[in-house]
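Quick notes on the structure that follows.
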């Protein structure tokens, strides 16, 4: 088993920032799904938690909710979350959220970011970077579209059963952030990106943000999460998780128990308009009920990178260090039994 001291593991503080402290670990496709985004599964789960609380208070739906089945394999439910650039139809954000529940134990959650430049075999399409799977699925009439082809790729290469997927268009992300009144993040290092993608003849515009705690509206939060010219894709994954955790704190409070109903309802409306996937609302309701007691501050968050299981090659590609995906598969199989990370040093 690979030493987990090598992996990134993030733990949020009150502002959605990341500390270097160790984190304890105590459907069928009916129509083509347009692009979607990773931290959306968390947003959807947060919203449904709010709805569950309201439903229990108003009508006592315990007996009904507990009878709704949620897809799982041996008590573990895996969700793939995608964020796609609508213009390029590339899934530039790919995350696996894994939830372990049942057996009379409190539920546990772990999230793994998959780099978009991971080079692998896409079923029926040959070898490509994984972020091309979405476009191939959308443009070549694959059954299930781009999201399901991405899921099939992950299932094939990682040997991991995927029960659900969710996604969001990057531009829609701005409306979701604005729905909760913006977010506050701790910017570890100033970013000065002169070539942030933008509409118009030039095709880009400058983006700058100072280090320190910053309150971001939807537009600036999107730029903060997507900018990569002055950093790298692994740092970008770190920032995306920062923003996700900051949204969670706006809804649940820093302790996870003080739900802001007004913001939650605003978020619910935004998610309903811009998020798509293969999880029914009843399944979301049941999963949210299952997660009602989860310690979200202890969520394990990891980034597969060239610092652990992957190796950089020509053409900006990342490939498995061992020559195949066996080590990655073992890591995912044992996601909830890895030793505690003693030290984490972010790539900033």
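Numbering (the numbering used here), first residue to last: 9 to 356. No residue lacks a Cβ here, since even glycine has one placed at the ideal position from N, Cα and C. In this text the structure is predicted, and so the values were computed from the model without any measurement.
CB residue 226 to CB residue 186, shorter than 8 Å?
Translated into the one-based positions of the chain shown, residue 226 becomes position 218. Translated into the one-based positions of the chain shown, residue 186 becomes position 178. In this structure, the beta-carbon distance from residue 226 to residue 186 falls below 8 Å.
Cβ-heavy atom distance, residue 329 to the ligand MN, below 7 Å:
Absent from the structure shown: the ligand MN. Ligands present: none.
Where does residue 221 fall in DSSP's three states?
Mapped onto the chain shown, residue 221 falls at position 213. Looking at residue 221 - three-state DSSP - the assignment turns out to be strand.
Is the distance from the Cβ of residue 295 to the Cβ of residue 158 below 8 Å?
By 1-based counting over the chain shown, the position of residue 295 is 287. By 1-based counting over the chain shown, the position of residue 158 is 150. No, the Cβ-Cβ distance between residue 295 and residue 158 is not below 8 Å.
Close Cβ partners of residue 161 (< 8 Å) along its chain, the five nearest in sequence each way excluded:
Here residue 161 corresponds to residue number 153 of the chain shown, with the count starting at 1. So the qualifying residues of the chain are 128, 129, 130, 131, 138, 141.
In angstroms, rounded to a whole number, what distance separates the CA positions of residue 207 and residue 231?
Here residue 207 corresponds to residue number 199 of the chain shown, with the count starting at 1. Here residue 231 corresponds to residue number 223 of the chain shown, with the count starting at 1. When rounded, the distance between both Cα atoms is 14 Å.
Under 7 Å Cβ to Cβ from residue 166, same chain only, skipping five residues before and after it: list those, please.
For the purposes of this step, residue 166 is taken as the residue at position 158 of the chain shown. 333, 336, 337, 340.
May I have a chain-ordered list of the beta strand (DSSP E) segments no shorter than 3 residues that lie completely inside the region 186-219?
191-195, 199-205, 212-217
How is residue 79 classed by DSSP in three states: helix, strand or coil?
Residue 79 sits at position 71 when you count from the first residue of the chain shown. In the structure shown, residue 79 sits in coil (DSSP, three-state: anything other than H, G, I, E or B).
Counted within 10 angstroms of its Cβ, other Cβ atoms place residue 116 as buried (16 or more) or exposed:
Sequence index remark: in the chain shown, residue 116 carries index 108 (1-based). With 16 or more other Cβ atoms within 10 Å, it is buried.
Spell out a yes or no on whether the region 176-195 and the region 309-317 are touching, meaning 3 or more CB-CB pairs, one atom from each, closer than 8 Å.
no
Beta-carbon gap between residue 361 and residue 192 smaller than 8 Å:
Residue 361 falls outside the range modelled here, since the chain spans only 9 to 356, and no answer is possible.
Taking 8 Å as the cut-off, decide whether the C-beta atoms of residue 154 and residue 146 are in contact.
Within the chain shown, the letter at position 146 stands for residue 154. Within the chain shown, the letter at position 138 stands for residue 146. Result yes, Cβ atoms of residue 154 and residue 146 sit closer than 8 Å.
Just to confirm the assignment, what range does the beta strand (DSSP E) spanning residue 177 have?
Along the chain shown, one-based indexing puts residue 177 at 169. Segment 172-177, the beta strand (DSSP E) holding residue 177.
Straight-line gap, residue 330 to residue 284 (C-alpha atoms, nearest Å):
Translated into positions along the chain shown, residue 330 becomes position 322. Translated into positions along the chain shown, residue 284 becomes position 276. When rounded, the distance between both Cα atoms is 35 Å.
Tell me, which residues are paired with residue 129 by DSSP?
For the purposes of this step, residue 129 is taken as the residue at position 121 of the chain shown. DSSP lists 135 as partners of residue 129.
Using beta-carbon positions only, say whether residue 104 and residue 122 come within less than 8 Å of one another.
Within the chain shown, numbered from 1, the residue matching residue 104 stands at position 96. Within the chain shown, numbered from 1, the residue matching residue 122 stands at position 114. Going by C-beta atoms, residue 104 is nearer than 8 Å to residue 122.
Out of 144, 88, 124, 190, state which residue places its alpha-carbon closest to the alpha-carbon of residue 271.
As a first step, residue 271 must be located in the chain shown, where it is residue number 263. Nearest C-alpha to residue 271: 190.
Alpha carbons only, please: which of 323, 83, 78 is nearest the one belonging to residue 344?
Within the chain shown, the letter at position 336 stands for residue 344. When only C-alpha atoms are compared, the closest one is 83.
Presumed contact (8 Å Cβ cut-off) between residue 126 and residue 318, rounded CB distance
Locating residue 126 in the chain shown gives position 118, counting from the first residue. Locating residue 318 in the chain shown gives position 310, counting from the first residue. About 7 Å separates the CB atoms of residue 126 and residue 318; that is less than 8 Å, so the two are in contact.
Helix, strand or coil at residue 101 [DSSP, three-state]:
Here residue 101 corresponds to residue number 93 of the chain shown, with the count starting at 1. Three-state DSSP puts residue 101 in a strand.
Could you tell me the alpha carbon to alpha carbon distance between residue 273 and residue 174, rounded to whole angstroms?
Taking the chain shown and counting its residues from 1, one reaches residue 273 at position 265. Taking the chain shown and counting its residues from 1, one reaches residue 174 at position 166. If I take the Cα positions, the gap works out to 20 Å.
Residue 79 CB to nearest chain B CB: under 8 Å?
Among the protein chains of the structure shown there is no chain B, as only one such chain exists.
When the Cα of residue 220 is compared with those of 195, 102, 143, which residue comes out closest?
Stepping through the chain shown from its first residue, residue 220 is reached at position 212. Ranking 195, 102, 143 by Cα distance to residue 220 puts 195 first.
What residues are listed by DSSP as bridge partners for residue 118?
Numbered from 1 along the chain shown, position 110 holds the residue referred to as residue 118. Residue pairing for residue 118: DSSP places it in a beta bridge opposite 106, 308.
Rank 156, 292, 168, 243 by C-alpha distance to the C-alpha of residue 197 and give the top, closest one.
On the chain shown, residue 197 is found 189 positions in, with the first residue counted as 1. The option with the nearest alpha carbon to residue 197 is 243.
From residue 35 to residue 216, what does the alpha carbon distance come to, in whole angstroms?
On the chain shown, residue 35 is found 27 positions in, with the first residue counted as 1. On the chain shown, residue 216 is found 208 positions in, with the first residue counted as 1. In this prediction, residue 35 scores a pLDDT of 40, lower than 50, which makes its location untrustworthy; no coordinate-derived value is stated.
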